[in-house]
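Sequence order for the protein chains is U and F.
Under the working numbering, the residue at position 169 of the first sequence is numbered 169, and the numbers go up by one with no gaps.
Numbers in the working numbering are just positions in the second sequence, counted from 1, shifted up by 1000.
Worksheet for the structure shown next.
Protein chains: 2
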Amino acid sequence: MKPTTLKDIAEHLDISVTTVSKALKDYPDVSKKTKALVKELAKTLNYKPNAFAVNLRTETSNTIGLIIPEIVHHFFSSVIKGIISQAEKKGYLVIILQSNESYELEKKQIDLLLSKRVDGILISLANGTADFKHLNDVIEQGKPLVMFDKIAKLVNCSKVIIDDRKAAYIATQHLIDTGCKRIAHFRGPLLPQNSIDRFLGYKKALEDNGMTYDASLVYIFDDMTFEVGEMFAKKILREHPDVDGIFVNTDLVAIGAITEFNRNGVNIPEDISIVGFSNWFMSSAITPSLTTIDQPGFEMGKMAFKQLYKELKAKKKKKPISPKIIALETSLVKRDSTK
Amino acid sequence: MKPTTLKDIAEHLDISVTTVSKALKDYPDVSKKTKALVKELAKTLNYKPNAFAVNLRTETSNTIGLIIPEIVHHFFSSVIKGIISQAEKKGYLVIILQSNESYELEKKQIDLLLSKRVDGILISLANGTADFKHLNDVIEQGKPLVMFDKIAKLVNCSKVIIDDRKAAYIATQHLIDTGCKRIAHFRGPLLPQNSIDRFLGYKKALEDNGMTYDASLVYIFDDMTFEVGEMFAKKILREHPDVDGIFVNTDLVAIGAITEFNRNGVNIPEDISIVGFSNWFMSSAITPSLTTIDQPGFEMGKMAFKQLYKELKAKKKKKPISPKIIALETSLVKRDSTK
DNA sequence: GATTTTACCGAAAACGTTTTCGATTTTGTA
DNA sequence: TACAAAATCGAAAACGTTTTCGGTAAAATC
């Protein structure tokens, strides 16, 4: 059976489509009696407005696009959850795409979302993204765009981030405060801003404490996997047996390293202290439990949507949008992997 | 600036909208010359069909809905990834909603997706879902519906599952084969089918091997968390010190239990052997590594979308849809938590 | 040169909604 | 009773696309 339309209701009540439409939307120029009649019939006929027609007429879909580098990832899936929870409250649906850390895919997906005419876009950049034309296109089209976590500083849009530099500084300072003299850093890929910032925070902490920065103590990895953590742990034992502290870019890698250190009889934190990043729940489960920086994924998702929502509303009212930078608080969670 | 429309192109070339539309879709009754002209201009004007108009006209949106109990979950996020990867290949977008294991929310979300007129729906049921009217509504509306993982046997639609019973049987049999004499089971909530099936597989394996089933050895939990695993581990040491094998419903809980056993100096697998379920990647990282059942999440997502896609195509051709049950293969991954 | 076939094009309707604006009726005021 | 004001309604256009169907011009056939 075909779904009920305004026309159906109109014919049943022998009034015009116009009046039905207005009655359902509580226009002031419809009498209470007809309003009641229309609403009742709409209910019994189970009327649902045809979203396609509404979209076409109003040029909005109450749908936003979300591009994320990787879905199977504790932090990102938390962000997704935060976004969806907020979006649902405001009556927005979320279309999720995964860029697989590929710039090319990211570009295509932005294009796809634009052609599908989503109302706005949330994005966390792929590691490889160094060119921002596709993002500026979105802005030029007047579509609200909010970036989170992995952002591009040069793009003029709202951003929800944590202060990676500060967090990394605090993490490193904690290692220094607990007596570490030679501190290594396992960092992520070269490009993404947060990987850079965490590195800079680490470096700054060393310098502020009069410790010399040694580039050979910085290990760079492209994939943030458990196995990379194991590998780097081995490597550091071989290449730098004097290292007594490590600040690791992300918990998963830190946990890989801990596992490998455990295998080799290295005592944590006595021989080597470790601080991770994310506060992934496994970091409290591993032995020894991992000292780490708490990175509020759910909260970040919430804030990102909230900001996008604000801009969506502003756009409706033809008000100008002024990009905002929202920095979320992080905290150091002290556990057993540091003294 | 307004986006380009067919009308714009038509006016530029001084031909009709009809011809432009047909040229772009390679209708045979348009000359090669005009086709070339239209296509070129479309490109330079960066023409993108207005999805809303197309949707309205064709009554399809190339968008499907996905309802999932929980996004922050390794297995489910893998499924999502599988679904999205396939959907993208076929030009479909995926709207994701999270039921939070709530039947009420699930009902509302089905309704929302229907009113948004998605082409089809993929769903993994909430634990609390015992009434299936909302699902049958979808089918009655003629919208393709495919259930995966957490299904309802009574609903007449396609389903993608694993043979939970068989997998549980194999897991339990493995414990028996490696010498366990008294085997406990940590199971999930009462309602969901897979929780039931895993329990039945466990029970059957015991009986087939002449071991008496003891209901007091079955621990039921509603939330599958790490902490529940720890708690049950404590409990079993207190209540049933003679237990020498445990089949756990899900890896996360098993890992919680292992952590607690480690703390208490219980030797795994010598004192107690453990088999989990899922093959979550942490199960190979924990010490001792966890023997478990490999549950192909990504594959399940892929198959679920593929089946939905088939039904979408069939519906377009007015062909009848005959529901299919697709059972995916699982395998026992032997690691160090069993002998 | 007349007729048929083929190639190419466009008018128009349709999808279901929203919104403007004018028309009609009812009510209130003098 | 006459007129103004308020209340109530509906016609019509618009959003941009797709598709049917008929029409004209060019090419092919006799």
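All C-beta atoms in this analysis are idealised placements derived from N, C-alpha and C, irrespective of residue type, glycine included.
- [ ] Determine the contact status of F/Arg1335 and F/Thr1291, defining contact as a CB-CB distance below 8 Å.
- [x] Cβ atoms of F/Arg1335 and F/Thr1291: closer than 8 Å.
TODO: Evaluate the contact criterion for the region 1293–1302 of chain F versus the region 1158–1168 of chain F: three or more CB pairs, one atom per stretch, below 8 Å.
DONE: Contact between the region 1293–1302 of chain F and the region 1158–1168 of chain F is present, because at least three Cβ pairs lie under 8 Å.
Task: Proximal residues, the region 31–51 of chain U versus chain F, C-beta separation under 9 Å - done: Cβ contacts with chain F: Lys48, Pro49, Asn50, Ala51.
Task: Segments of 4+ residues assigned as alpha helix (DSSP H) that fall wholly inside the region 1220–1298 of chain F - done: Whole alpha helix (DSSP H) segments, 4+ residues: 1226–1239, 1251–1263.
Open item on the list: Give me the residue from U/Pro189, U/Gly128, U/Lys22 with the minimum Cα distance to U/Lys35.
Closed with: Checking every option, the nearest Cα to that of U/Lys35 belongs to U/Lys22.
- [ ] Have a look at U/Lys153 and U/Gln193 and give me their C-alpha separation to the nearest angstrom.
- [x] Taking the straight line from one Cα to the other gives about 8 Å.
Open item on the list: Quick check on U/Met300: does DSSP put it in helix, strand or coil?
Closed with: DSSP places U/Met300 in helix when its eight states are reduced to three.
TODO: Within its chain, find whatever has a CB closer than 6 Å to the CB of F/Phe1186; leave out the 5 residues flanking it on each side and keep chain order.
DONE: Within the same chain, Cβ atoms closer than 6 Å to the Cβ of F/Phe1186 are found at Tyr1219, Phe1232, Val1248, Asn1249, Val1253, the five residues on either side in sequence being excluded.
Open item on the list: According to DSSP, is U/Gly201 part of a helix, a strand, or is it coil?
Closed with: Correct three-state label for U/Gly201: helix.
Open item on the list: Quick check on this structure: which residue in F/Ala1168, F/Lys1048, F/Ala1304 has the alpha carbon closest to the alpha carbon of F/Gly1082?
Closed with: Here the closest residue by C-alpha is F/Ala1304.
Task: Residues near F/Asp1029 in its chain [Cβ-Cβ closer than 6 Å; skip 5 each side] - done: Contacts found: none.
- [ ] Step through the CB atoms of chain U and report whether any lies within less than 8 Å of the CB of F/Thr1287.
- [x] F/Thr1287 belongs to the set of residues whose beta carbon lies under 8 Å from a beta carbon in chain U.
Open item on the list: Closer than 9 Å between beta carbons: that is the criterion. Which residues of the region 1069–1085 of chain F meet it against chain U?
Closed with: The residues in question are Glu1070, Ile1071, Val1072, His1073, His1074, Phe1076, Ser1077, Ser1078, Ile1080, Lys1081, Ile1084, Ser1085.
Open item on the list: For F/Ala1167, report the span of its alpha helix (DSSP H) as first-last.
Closed with: Segment 1164–1177, the alpha helix (DSSP H) holding F/Ala1167.
TODO: Assign F/Ile1151 to one of three DSSP states: helix, strand, or coil.
DONE: Three-state DSSP puts F/Ile1151 in coil, outside helix and strand.
Open item on the list: I'd like to know if U/Ser21 contacts chain F, where contact means its C-beta is closer than 8 Å to some C-beta of that chain.
Closed with: Contact with chain F is absent for U/Ser21, since none of that chain's Cβ atoms lies less than 8 Å from the residue's Cβ.
Open item on the list: Mapping the DSSP letters down to three states, classify U/Gly142 as helix, strand or coil.
Closed with: Of the three classes helix, strand and coil, the one that applies to U/Gly142 here is coil, per DSSP.
- [ ] Mind the definition here: the region 70–85 of chain U touches the region 43–53 of chain U only if three or more C-beta pairs lie below 8 Å; say whether that holds.
- [x] The region 70–85 of chain U, when compared against the region 43–53 of chain U, does not touch it at the 8 Å Cβ threshold.
Task: C-alpha distance - F/Gly1188 paired with F/Leu1175, whole-angstrom precision - done: So the alpha carbons of these two residues sit roughly 19 Å apart.
Open item on the list: Using the Cβ count rule (16 or more neighbours within 10 Å means buried), how would you classify F/Gly1229?
Closed with: Under this definition F/Gly1229 is a buried residue.
- [ ] With 8 Å as the C-beta to C-beta threshold (strictly closer), list the residues of the region 1090–1107 of chain F near chain U in chain order.
- [x] Cβ contacts with chain U: Leu1093, Val1094, Ile1095, Ile1096, Leu1097, Gln1098.
Open item on the list: Buried or exposed for F/Leu1006, going by 16 or more other Cβ atoms inside 10 Å?
Closed with: Counting Cβ neighbours within 10 Å, F/Leu1006 comes out buried, since at least 16 surround it.
Task: chain U contacts from the region 1108–1126 of chain F (Cβ-Cβ distance under 8 Å) - done: Within the region 1108–1126 of chain F, the qualifying residues are Leu1112, Leu1114, Ser1115, Lys1116, Arg1117.
TODO: Please look up how many angstroms separate the CB atoms of F/Ile1274 and F/Ile1246, rounded, as I've assumed it's under 8 Å.
DONE: Taking the Cβ atoms as the reference, F/Ile1274 lies roughly 5 Å from F/Ile1246, within the contact range of under 8 Å.
Task: For F/Leu1190, the nearest candidate out of F/Gln1173, F/Asp1214, F/Asp1223, F/Ala1171 (CA to CA) - done: The residue among F/Gln1173, F/Asp1214, F/Asp1223, F/Ala1171 with its C-alpha nearest the C-alpha of F/Leu1190 is F/Asp1223.
Task: U/Ala184 - partner residues in DSSP beta bridges - done: According to DSSP, which records beta bridges pairwise, U/Ala184 is partnered with U/Ile246.
Open item on the list: If distances are taken between C-alpha atoms only, which option among F/Ser1099, F/Val1094, F/Val1038, F/Lys1339 comes closest to F/Val1072?
Closed with: Checking every option, the nearest Cα to that of F/Val1072 belongs to F/Ser1099.
Task: C-alpha gap between U/Phe148 and U/Leu13, whole angstroms - done: Cα to Cα, U/Phe148 sits roughly 51 Å from U/Leu13.
Open item on the list: Pull the bridge partners of F/Ile1326 from the DSSP assignment, please.
Closed with: Answer by DSSP bridge pairing, in chain order: F/Val1160.
Open item on the list: If the cut-off is 9 Å on Cβ atoms, which residues from the region 260–285 of chain U count as contacting chain F, listed in chain order?
Closed with: From the region 260–285 of chain U, only Asn262, Arg263, Phe281, Met282, Ser284, Ala285 have a Cβ closer than 9 Å to chain F.
Open item on the list: So with CB distances below 9 Å, who are the chain U contacts of F/Phe1226?
Closed with: Close to F/Phe1226, with beta-carbon spacing below 9 Å, are these residues of chain U in chain order: Phe281, Met282, Ser284, Ala285.
Open item on the list: So if I threshold CB-CB distances at 8 Å, which residues from the region 228–262 of chain U count as touching chain F?
Closed with: Contact annotation: in the region 228–262 of chain U, residues whose CB is within less than 8 Å of a CB in chain F are Ile255, Gly256, Thr259, Asn262.
Task: Proximity test, U/Asp119 beta-carbon vs the ligand SAM heavy atom, cut-off 7 Å - done: No copy of the ligand SAM occurs in the structure displayed, which carries no ligand at all.
Open item on the list: Mapping the DSSP letters down to three states, classify U/Ser216 as helix, strand or coil.
Closed with: Here U/Ser216 sits in helix by DSSP.
Open item on the list: Strictly by DSSP, which residues pair up with F/Ile1068?
Closed with: Answer by DSSP bridge pairing, in chain order: F/Gln1098.
Open item on the list: If contacts are defined as beta-carbon pairs under 8 Å, then F/Ala1257 and U/Ile255 qualify, I think. What distance do you get, rounded to the angstrom?
Closed with: That belief does not hold up - the Cβ atoms of F/Ala1257 and U/Ile255 are roughly 18 Å apart, past 8 Å.
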